[in-house]
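Notes follow once the structure below has been shown.
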Amino acid sequence: MSRRQVVHLIGSLPFIGAASGAKAREGGFNYSGPPSDHFDGQRFFNPGGEPSRGFGDFLRWRLTKSAAPWPEPNPSPFQDTPPVRVGGRNLRISFVGHASFLIQIAGHNILTDPIWSERASPVPFAGPRRYNPPGITFDQLPRIDAVLVSHNHYDHMDLPTLARLWQRDRPRIVAPLGNDAIIRAHDPGIAVTTVDWGERVSLAPGLQVFAEPAHHWSARATNDRNHALWASFMLRGGSRSVYFGGDTGFGGGRHFQAIAARHAAPDVALLPIGAYEPRWFMKSNHMNPEDAVQAFRILKAKSALGYHWGTFRLTDEGADQPPRDLARALQARSIPARRFTAMRPGQVWAA
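The sequence shown begins at 1 in full-length UniProt numbering and counts up one residue at a time.
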């Protein structure tokens with residue numbers, strides 16, 4: 001195998017982990033607990049959902065892929081220097097990039113899936129790299145009170161960034177079941193609060209986060225498929241509410257309907273709109289903009305912010321295809337474009 005092939009393989013590790021049926025070594029499971037409607041005693045799964053594609057499908061994609069070119073570089077026209085705090089009923093959300101948001105709510109600062117690394121990869125020399133810098137430099141971040149980690153893929157759980165945040169601010173880190181073992185293996189001193197779907201955590205008086213389902217999977221390598229849970233989050237505080245979708249397929253809309261039944265309409269829904277081509281391979285795990293608009297309608301959110309596009313090249317669509325597809329999906333449903341924004345790094349939404 002050539003060096004180029006090895007580098008390409010490393011960059012594809014998350015997808016290989018999703019497609020592989022390999023078992024973890026004995027004792028390699030990240031979580032042990034009683035079976036549930038989404039845990040079989042060894043692995044987590046999507047109840048009633050589509051199974052992950054097989055390894056043969058993965059090879060078919062990689063061997064026949066026809067990816068649209070990306071501009072290089074692809075900088076955002078925005079850059080944010082956030083305030084230290086936002087008080088009262090004010091809600092301020094700044095987009096860092098990919099799935100990383102700074103949510104300033106009820107006087108507290110919350111980060112989602114923070115990644116400041118140059119690559120979403122287990123190694124620094126290969127794997128998906130940034131096409132634009134973070135919309136907030138790390139040094140410009142205010143003190144972070146809490147971090148929400150949706151799952152363990154490299155583009156969402158960036159262990160070096162989590163370690164930097166822990167050393168600087170000691171934030172409350174909330175992650176789905178099993179992900180604490182992965183974080184502590186990197187730095188045993190990091191404290192992690194783990195949650196199952198349906199559980200809630202009080203981050204501060206009057207500020208709560210609820211762990212909710214997502215339609216996805218987990219893996220850091222080829223032998224730990226679905227050994228840790230994935231989740232979305234509903235954040236409520238100061239009479240305001242924010243839904244963060246994490247990484248998810250539409251899954252027939254089942255989990256969005258369940259979330260809508262448990263929670264009143266949020267002020268804003270943060271929904272992924274990228275990494276969706278080719279559709280035959282990505283549909284079960286990643287929403288496209290049309291799916292995201294359907295989720296937005298089910299949740300009855302007042303506004304929505306689209307992410308998971310334009311920062312790391314993970315799949316075959318072009319860098320600017322997600323916002324164009326989003327505009328078409330909104331127009332087809334007569335939804336004003338101002339209600340659902342495809343965010344660029346450094347862009348700010350406030351209410």
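By construction, the Cβ of each residue, glycine as well, lies at the ideal position given by its N, Cα and C atoms.
Alpha carbon of residue 26 to alpha carbon of residue 184, nearest angstrom: Counted from its first residue, the sequence shown places residue 26 at position 26. Counted from its first residue, the sequence shown places residue 184 at position 184. The predicted position of residue 26 is uncertain, since its pLDDT is 36 and thus under 50; no value can be drawn from it.
C-beta contact flag for residue 346 and residue 78 at 9 angstroms: By one-based count along the sequence shown, residue 346 stands at place 346. By one-based count along the sequence shown, residue 78 stands at place 78. Closer than 9 angstroms, so yes.
Contact under 9 angstroms by Cβ, residue 178 with residue 29: Translated into the one-based positions of the sequence shown, residue 178 becomes position 178. Translated into the one-based positions of the sequence shown, residue 29 becomes position 29. Taking 9 angstroms as the Cβ cut-off, residue 178 and residue 29 qualify as a contacting pair.
Own chain residues within Cβ distance below 8 angstroms of residue 228, not counting five before or after: Residue 228 sits at position 228 when you count from the first residue of the sequence shown. Closer than 8 angstroms at the Cβ level, and outside the excluded window around residue 228, lie 30, 31, 44, 151, 152, 176, 177, 178, 179, 181, 182, 218.
Host beta strand (DSSP E) of residue 205 (start-end): Locating residue 205 in the sequence shown gives position 205, counting from the first residue. Careful: residue 205 lies outside any beta strand (DSSP E) and carries neither H nor E.
Where residue 138 sits in the DSSP three-state scheme: Taking the sequence shown and counting its residues from 1, the one referred to as residue 138 is at position 138. Residue state, collapsed to three classes: helix.
Buried or exposed (CB count within 10 angstroms, at least 16 for buried), residue 212: Working through the sequence shown from its first residue, we reach residue 212 at position 212. Per the 10 Å Cβ criterion, buried.
Best match in 294, 194, 75, 314 for proximity to residue 334 [C-alpha to C-alpha]: As a position in the sequence shown, residue 334 is number 334, starting the count at 1. Checked all of 294, 194, 75, 314; the closest Cα to residue 334 is 294.
Reduced DSSP category for residue 292 - H, G, I as helix; E, B as strand; rest coil: Your numbering for residue 292 matches position 292 in the sequence shown. Residue state, collapsed to three classes: helix.
Length of the line joining the Cα atoms of residue 20 and residue 157: The residue given as residue 20 occupies position 20 in the sequence shown. The residue given as residue 157 occupies position 157 in the sequence shown. Any reading at residue 20 needs caution, since the residue's pLDDT is 40, under 50, leaving its predicted position unreliable; the model's value is listed next. Distance between the alpha carbons of residue 20 and residue 157 is about 20 angstroms.
Three-state class that DSSP yields for residue 175 in the structure shown: Locating residue 175 in the sequence shown gives position 175, counting from the first residue. In this structure, residue 175 counts as strand in the three-state DSSP scheme.
4-residue-minimum alpha helix (DSSP H) runs that sit fully inside the region 226 to 277, ordered along the chain: 254 to 262
Pairwise C-alpha distance: residue 192 and residue 145: On the sequence shown, position 145 is the one that residue 145 refers to. On the sequence shown, position 192 is the one that residue 192 refers to. Each residue's Cα considered, the two are about 13 angstroms apart.
Same chain only: Cβ atoms within 7 angstroms of residue 118, ignoring 5 sequence neighbours per side: The residue labelled residue 118 in the question sits at position 118 within the sequence shown. 129, 130, listed in sequence order.
C-alpha gap between residue 336 and residue 330, whole angstroms: On the sequence shown, residue 336 is found 336 positions in, with the first residue counted as 1. On the sequence shown, residue 330 is found 330 positions in, with the first residue counted as 1. Roughly 7 angstroms between the two C-alpha positions.
Per-residue burial, residue 280 [other beta carbons within 10 Å of its own, 16 or more giving buried]: Translated into positions along the sequence shown, residue 280 becomes position 280. Looking at its Cβ environment, which holds fewer than 16 other Cβ atoms inside 10 Å, residue 280 is exposed.
Reference residue 340; option with closest CA among 313, 291, 165: The count along the sequence shown starts at 1 and reaches residue 340 at position 340. Selected option, being the one with the closest Cα: 291.
CB contact flag (residue 147, residue 124, <9 angstroms): As a first step, residue 147 must be located in the sequence shown, where it is residue number 147. As a first step, residue 124 must be located in the sequence shown, where it is residue number 124. Not a contact, by the Cβ cut-off of 9 angstroms.
Own chain partners of residue 100 with C-beta closer than 7 angstroms, once the 5 adjacent residues on each side are dropped: Working through the sequence shown from its first residue, we reach residue 100 at position 100. Hits under 7 angstroms: 111, 112, 113, 114, 115.
CA nearest to the CA of residue 34, picked from 307, 237, 241, 196: Counting from 1 along the sequence shown, the entry for residue 34 is found at position 34. Closest by alpha carbon: 196.
Collapsed DSSP secondary structure at residue 314 in the structure displayed: Residue 314 sits at position 314 when you count from the first residue of the sequence shown. Residue 314 falls in the coil class under three-state DSSP.
Whether residue 221 touches residue 122 by CB criterion (9 angstroms): As a working note, residue 221 is residue 221 in the sequence shown. As a working note, residue 122 is residue 122 in the sequence shown. Their beta carbons are under 9 angstroms apart, which means residue 221 touches residue 122 by this criterion.
Unbroken beta strand (DSSP E) run spanning residue 92, endpoints: The residue given as residue 92 occupies position 92 in the sequence shown. Note, residue 92: beta strand (DSSP E), 91 to 97.
Pick from 271, 308, 235 that is closest to residue 120, judged by C-alpha positions: Position 120 of the sequence shown, counting from 1, holds the residue named residue 120. Cα-wise, what sits closest to residue 120 is 308.
Touching by the beta-carbon criterion (3+ pairs, under 8 angstroms), the region 298 to 307 and the region 245 to 264: yes
Per DSSP, the bridge partner or partners of residue 44: Stepping through the sequence shown from its first residue, residue 44 is reached at position 44. Paired residues: 39.
Residues that DSSP places opposite residue 104 in a beta bridge: Here the question's residue 104 lines up with position 104 in the sequence shown. In DSSP, residue 104 forms a bridge with 92, 109.
CA-to-CA distance, residue 201 to residue 165, given in whole angstroms: Taking the first residue of the sequence shown as 1, we reach residue 165 at position 165. Taking the first residue of the sequence shown as 1, we reach residue 201 at position 201. Roughly 20 angstroms separates the two Cα atoms.
Assumed close pair residue 287, residue 272 - CB separation to whole angstroms, cut-off 8 angstroms: The residue you call residue 287 lines up with position 287 of the sequence shown. The residue you call residue 272 lines up with position 272 of the sequence shown. The pair is a contact, with the Cβ atoms about 6 angstroms apart (cut-off 8 angstroms).
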